[in-house]
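Q:
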Amino acid sequence: MIISVASGKGGTGKTLVATSLALSLKDTESVQLLDCDVEEPNDHVFVKPVITGSEPVHMLVPTVAEDKCTYCGKCAEVCAYKAIAVITDHVLTFPELCHSCGACSYLCPEKAITEEGREIGILELGQSDGLSFIHGILNVGEAMAPPVIRKVKEHARNDGTVIIDVPPGTSCPVVEAIKGSDFCLLVTEPTPFGLNDLVLAVETVRELGIPCGVVLNRAGVGDTKTEEYCAKENIPILLTIPLDMEIARLYSRGVPLVKGLPQWKESFLGLFDRVKEQINGRNRNTER
Amino acid sequence: MEEIVILSGKGGTGKTSIVGSLAALAKNKVLADCDVDAADLHLLLSPSVKQETEFWSGQVARIDEHKCNECFLCQDMCRFDAIKDFRVDPVSCEGCGFCSHICPVEAITMEDNMSGHWFISDTRYGPLVHARLGIAQENSGKLVAQVRQQAKKIAGEQGLDYIISDGPPGIGCPVISSLSGASLALLVTEPTLSGIHDLERVLGVCRHFGIPAVVCINKYDLNEENTRKIEDYCRSQDIEVASRIPFDNAVTEALVRGVPIVEYGDGRVSQEIEKLWQNISKMLEDARKK
Chain A
8 MIISVASGKG GTGKTLVATS LALSLKDTES VQLLDCDVEE PNDHVFVKPV
58 ITGSEPVHML VPTVAEDKCT YCGKCAEVCA YKAIAVITDH VLTFPELCHS
108 CGACSYLCPE KAITEEGREI GILELGQSDG LSFIHGILNV GEAMAPPVIR
158 KVKEHARNDG TVIIDVPPGT SCPVVEAIKG SDFCLLVTEP TPFGLNDLVL
208 AVETVRELGI PCGVVLNRAG VGDTKTEEYC AKENIPILLT IPLDMEIARL
258 YSRGVPLVKG LPQWKESFLG LFDRVKEQIN GRNRNTER
Chain B
859 MEEIVILSGK GGTGKTSIVG SLAALAKNKV LADCDVDAAD LHLLLSPSVK
909 QETEFWSGQV ARIDEHKCNE CFLCQDMCRF DAIKDFRVDP VSCEGCGFCS
959 HICPVEAITM EDNMSGHWFI SDTRYGPLVH ARLGIAQENS GKLVAQVRQQ
1009 AKKIAGEQGL DYIISDGPPG IGCPVISSLS GASLALLVTE PTLSGIHDLE
1059 RVLGVCRHFG IPAVVCINKY DLNEENTRKI EDYCRSQDIE VASRIPFDNA
1109 VTEALVRGVP IVEYGDGRVS QEIEKLWQNI SKMLEDARKK
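Those sequence lines, one after another, are chains A and B.
For the first sequence, the numbering used here begins at 8 and goes up steadily by one.
For the second sequence, the numbering used here begins at 859 and goes up steadily by one.
#1: Please report whether the beta-carbon of Thr195(A) lies at a distance below 8 Å from any beta-carbon of chain B.
#2: Below 8 Å on C-beta distance, what does Val85(A) contact in chain B?
#3: Whole-angstrom Cβ separation of Arg867(B) and Arg1059(B), contact assumed at under 8 Å?
#4: Count the other C-beta atoms from every protein chain shown that fall within 10 angstroms of the C-beta of Phe101(A), then say buried if there are 16 or more, exposed otherwise.
#5: Looking at the C-beta of Leu1080(B), does it have a partner C-beta in chain A at a distance below 8 Å?
#6: What are the uninterrupted segments assigned as beta strand (DSSP E) that are 3 or more residues long and contained completely in the segment 927-981 of chain B, given in chain order?
#7: Report yes or no: is there a C-beta of chain A within less than 8 Å of the C-beta of Asn971(B)?
#8: Among Ala90(A), Glu36(A), Gly20(A), which has the Cα closest to the Cα of Asp50(A)?
#9: Per DSSP, what kind of secondary structure is Cys43(A) in: helix, strand or coil?
#10: List, in order along the chain, the chain A residues whose C-beta lies closer than 9 Å to that of Gln1007(B)?
#11: Are there 16 or more other CB atoms within 10 angstroms of the CB of Gln39(A), so buried, or fewer, so exposed?
#12: Say whether the segment 952-966 of chain B touches the segment 918-935 of chain B, bearing in mind that this needs 3 or more beta-carbon pairs closer than 8 Å, one atom from each stretch.
#13: Buried or exposed for Ala238(A), please, with buried defined as at least 16 other CB atoms from any protein chain shown within 10 angstroms of its CB.
#14: Cα separation between Arg920(B) and Phe938(B)?
#15: With a threshold of 8 Å between beta carbons, is Gly18(A) in contact with chain B?
#16: Do you know offhand how far Glu912(B)'s Cα is from Ala1013(B)'s?
#17: State the Cα-Cα distance for the pair Ala989(B) and Val181(A), rounded to the nearest angstrom.
#18: Quick check: is the beta carbon of Leu1031(B) nearer than 8 Å to any beta carbon in chain A?
#19: Give, in chain order, every unbroken run of the alpha helix (DSSP H) that is at least 4 residues long and sits entirely within the segment 81-145 of chain A.
#20: Applying the criterion that 16 or more other CB atoms from any shown protein chain within 10 Å of the CB defines a buried residue, is Glu996(B) buried or exposed?
#21: Need the endpoints of the alpha helix (DSSP H) that Gln1008(B) sits in, please.
#22: Grouping DSSP H, G and I as helix and E and B as strand, with all else coil, what is Tyr983(B)?
#23: Determine the burial state of Asp895(B): buried for a count of at least 16 other Cβ atoms within 10 Å of its Cβ, exposed for fewer.
#24: Mind checking the segment 129-149 of chain A against chain B and listing, in chain order, the residues whose C-beta falls within less than 8 Å of any C-beta there?
#25: Any beta-carbon of chain B closer than 8 Å to the one on Asp189(A)?
#26: My assumption, with CB atoms under 8 Å, is that Thr177(A) sits in contact with Ala208(A). Please give the rounded CB distance.
#27: Does the segment 72-88 of chain A come close enough to the segment 139-158 of chain A to have 3 or more Cβ pairs within less than 8 Å?
#28: List in chain order: all unbroken alpha helix (DSSP H) runs of 4+ residues lying wholly within the segment 194-243 of chain A.
#29: Given that a residue counts as buried once 16 or more other Cβ atoms are within 10 Å of its Cβ, and exposed if not, what is Asp280(A)?
#30: Give the residues of chain B in contact with Ser178(A), contact being defined as C-beta atoms less than 7 Å apart.
#31: Kindly identify the DSSP beta-bridge partner or partners of Leu1042(B).
#32: Just to make sure I have the definition right: I need the residues of chain B whose C-beta is within less than 8 Å of the C-beta of Gly109(A). Which are they?
#33: Enumerate in chain order the residues of its own chain whose CB-to-CB distance from Lys81(A) is below 7 Å, with the five nearest sequence positions on each side excluded.
#34: According to DSSP, which residues form a beta bridge with Ser1023(B)?
#35: Cβ of Gly1025(B) less than 8 Å from any chain A Cβ?
#36: Quick one: what's Asn1076(B) bridged to in DSSP?
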């Protein structure tokens, strides 16, 4: 089962929820935590994994053998990203624009183009006291997060529970991270910003056909419009975490909520049960 | 004309609340919301939209089922797993067009894709350029570039002194698109270990693209030990900490009422943001003199 933790708005508590959920489950379930916020991965700050391996993430980019090239211009014509240009007797490539689609090398009539790996980030794999951990780290200055996210997800196990920490927003990195999830937890806060971005996140998961539920963080701050929206849209609020300076201070020190305040473990186990009920209920409905 | 972009690496550190206040404090400026996939600045500035434009960018493949002979070539060659059962999944399709070039029966065409809207609005603080990326769309970086280009045009036409843009979280494509060529990056951080980690990475991006940066520590009193760590780090990197803003629920109260905090009260948060703007304008002035 894959549960992704997303939000739309940044800083609402995705990392808090993903890490505390994973740590609460690890004693009774086989759990894997995948940090797919590869631009700004933070789960390691909390679960402090022992890193046991790492591997670079490459994107395939074209290399042109100029001795074979006839400067026919086919590669430039088929590249949708303007990542390759032919100027009379010169071929220029712009690797940072390349999406690795493979069209240029396949379609080159002279077979003059080969693809070579360009490193855009790394994966680190590790363990934290029985919890299996993987995160991707996009290299600073690189633009494309989705290939790194794809690589992290290739390591997702088929058995047990996989928890995915998703980047903020609603565009391609988010879609890449939540695609294929059985359920998506949307972490929000009851403020106008939180609600505005929750609505966008709900539209995104619905577009992908993934069932979702809400974790309401910093409850007590702001207004009640988020609860009203969830009721209207029939989205269950599966866990409420109050605005509490003690929780904020634990977070600031990199202490997972369920370690700093162990009474929260029961709440996260309850959250997991409710997620399972949601998935099972949905499956029953589809069978009918 | 100077362009100040507000970034943070980590989300939720207070970028938009600070931009809303700078909107109220700075004179002669245009505002730009470059967080196009979760834009929030409009909630503080209550814009009235003057111009709405569709944003067409990229393409999506479409298979003509009458022509398709189900040879599987497109499906085998697509590196984005966007074709299943001879149908294109528009969310996964990256618009590369590879399939359309190789289809032996020319059953695949590439269609232009509308990936969002951008707006020019009036606010009580001056013009605002903002955008909305379509749900699960790509090309947020290009939409950001469009927002910035429009903001620059308005600033040029109206002879404005500043472009103040609210940037997206992270360090990837839309952040790079918001940052390239800006005069100054204001990095808003918070005294949490995550905030510090993310600040270091976004500062790396500023360095990579040669953009000067200045730091603001928001909610500094949440963890004063971490605040000192940030100050030490910034000193070691020769980056100025232009302001330390305390935690105050009034920021959320102002947000619920839809007004920038500097117009909601004159508490310490407002004073610190005023100081922040004074420091930034002085830094820009000094840079101009050089």
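From the three backbone atoms N, C-alpha and C, an ideal C-beta is built for every residue, glycine too.
Just so you know, these numbers come straight off a predicted model, no measurement behind them.
A: The short version:
#1: no
#2: Gly955, Phe956, His959
#3: Correcting the residue type first, residue 867(B) is Gly in the shown sequence and not Arg. Their Cβ separation, rounded to whole angstroms, is 5 Å, which keeps Gly867(B) and Arg1059(B) in contact under 8 Å.
#4: exposed
#5: yes
#6: 966-981
#7: no
#8: Gly20(A)
#9: coil
#10: Here the premise fails: no neighbours, minimum Cβ distance about 18 Å.
#11: buried
#12: yes
#13: exposed
#14: 15 Å
#15: yes
#16: 22 Å
#17: 18 Å
#18: Note that residue 1031(B) is Cys in the sequence shown here, rather than Leu. Chain A contact via Cβ: present.
#19: 81-85, 110-114
#20: buried
#21: 998-1016
#22: coil
#23: buried
#24: Leu145, Val147, Gly148, Glu149
#25: no
#26: 6 Å
#27: no
#28: 199-214, 232-240
#29: exposed
#30: Asp895, Leu991, Gln995, Glu996, Ser998
#31: Ile862(B)
#32: Met935, Arg937, Phe956
#33: Leu114, Cys115, Pro116
#34: Val863(B), Ala890(B)
#35: no
#36: Ile1103(B)
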